[in-house]
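Numbering (our numbering), first residue to last: 77 to 215.
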């Protein structure tokens, strides 16, 4: 099966189950690639939903870690919103391989209060899937 990736002007990596196919800084471009003939060490996961989504500590001041585990290669967006729904920060916006991922949210520049984090996953095999949670910044 082939896969497609859209790359932007930041550091991008296109992972494959057997290793990296492409890594580096690119201007906007699209890449399509297919299966390799190298044997896999383990079967591919079929679900693109996260196995876990957690935040610690919560409440926090001024930083907290948001962690998630993916069962398969996915396009991931992890964003933080204020209670009125305004975007505060985008922590992840790109492709990630299966496995454990952890991102730090730094609330130093925002006021105390309740914030919502949303993890959105997309792939060519499945529909978009989102999970949300609340976190409390106490300064």
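No residue lacks a Cβ here, since even glycine has one placed at the ideal position from N, Cα and C. No experiment lies behind these values; they were computed from the predicted model shown.
Span separating the alpha-carbon of residue i from that of residue j
i, j, result
"residue 164", "residue 174", "27 Å"
"residue 249", "residue 198", "In the structure displayed, the chain extends from 77 to 215; residue 249 sits before or after that span and is not available."
"residue 153", "residue 207", "11 Å"
"residue 145", "residue 156", "18 Å"
"residue 178", "residue 204", "21 Å"
"residue 148", "residue 183", "30 Å"
"residue 169", "residue 133", "23 Å"
"residue 180", "residue 215", "17 Å"
"residue 171", "residue 131", "21 Å"
"residue 159", "residue 185", "16 Å"
"residue 135", "residue 188", "10 Å"
"residue 139", "residue 162", "19 Å"
"residue 167", "residue 209", "15 Å"
Anticipated Cβ contact below 8 Å, residue i with residue j, distance rounded
i, j, result
"residue 195", "residue 129", "6 Å"
"residue 212", "residue 190", "6 Å"
One or two residues paired with residue i in a DSSP bridge
i, result
"residue 210", "192"
"residue 168", "154"
"residue 182", "139"
"residue 187", "Paired residues: none, contrary to the question."
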